[in-house]
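Colleague: For reference, each letter of the sequence shown is one residue, going -1 to 109 in the numbering used here. Idealized CB from N, CA, C, for every residue including glycine. Because the structure is a prediction, the values reported are computed rather than measured.
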Amino acid sequence: MDRDRANEVYDLLRNAGYSRNKAKILALLEQVKGARLESMVKLLGINSSRANQTLNFLLSQGFVQRMEKKDTPGVGRSYHIYRLRVPIQEVIRAGKNKIKVYISDDFDIDY
């Protein structure tokens, strides 16, 4: 894994408006062909529930895909592998194109 590239992608994602956990997971997945949840938790120092929530969000956005895998057919439990579904540049571009909404309580209403 190229740590310099991962750090560069992480910085680009953070500048595009992604949270730390989303940026960490996306930067990792950009570097590997696929990763299990347990591996991401250990490598990134994120607790498993937070990593799972983040992955579910990334799945809902279409950035990540989840594949079920089993080492030996018919023996043991299956597990999930996560990987990027789109190029990282598209993910960065999507973050920069988000519409930001600002709410203000400064308004005038005439009765």
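(1) Report the partner residues of Thr70 according to the DSSP bridge assignment.
(2) Thinking just about the alpha-carbon of each residue, which of Lys68, Glu36, Pro85 and Asp69 is nearest to the one in Leu53?
(3) With three or more beta-carbon pairs closer than 8 Å as the criterion, would you say the stretch 37 to 47 touches the stretch 55 to 62?
(4) Quick one: residues in its chain with C-beta nearer than 6 Å to the C-beta of Ala4, no 5 flanking neighbours on either side, listed in chain order?
(5) Would you report the Cα separation of Glu88 and Gly32, rounded to the nearest angstrom?
(6) Roughly how many angstroms lie between the CA atoms of Val84 and Val62, to the nearest whole one?
(7) Drop a sphere of 10 angstroms on the beta-carbon of Val7, count the other beta-carbons inside from all chains shown, and report buried for 16 or more, exposed for fewer.
(8) Confirm, please, whether the CB-CB distance from Met65 to Ile86 is below 8 Å.
(9) Write down the C-beta distance between Asn19 and Arg48 rounded to the nearest angstrom, noting that I regard them as a contact closer than 8 Å.
(10) Let me check understanding here. Comparing Cα to Cα, which of Gly93, Ile90 and Tyr77 lies closest to Arg34?
Modeller: Answer, in terms of the structure:
(1) Your numbering for residue 70 matches position 72 in the sequence shown. Answer by DSSP bridge pairing, in chain order: Val73.
(2) Against the sequence shown, residue 53 aligns to sequence position 55. Ranking Lys68, Glu36, Pro85 and Asp69 by Cα distance to Leu53 puts Glu36 first.
(3) no
(4) Within the sequence shown, numbered from 1, the residue matching residue 4 stands at position 6. Excluding residues within five positions, the ones whose Cβ falls inside 6 Å are Ala25 and Gln29.
(5) Looking up residue 88 in the sequence shown gives position 90. Looking up residue 32 in the sequence shown gives position 34. If you take the alpha carbons of Glu88 and Gly32, they lie about 18 Å apart.
(6) Translated into positions along the sequence shown, residue 84 becomes position 86. Translated into positions along the sequence shown, residue 62 becomes position 64. Approximately 7 Å between the Cα atoms of the pair.
(7) Position 9 of the sequence shown, counted from the start, is the residue given in the question as residue 7. Val7 is buried by the Cβ-count criterion.
(8) By 1-based counting over the sequence shown, the position of residue 86 is 88. By 1-based counting over the sequence shown, the position of residue 65 is 67. Ile86 places its beta carbon 8 Å or farther from that of Met65.
(9) On the sequence shown, residue 19 is found 21 positions in, with the first residue counted as 1. On the sequence shown, residue 48 is found 50 positions in, with the first residue counted as 1. Between Asn19 and Arg48, the beta carbon gap of about 6 Å places them in contact (Cβ cut-off 8 Å).
(10) The residue given as residue 34 occupies position 36 in the sequence shown. Checking every option, the nearest Cα to that of Arg34 belongs to Tyr77.
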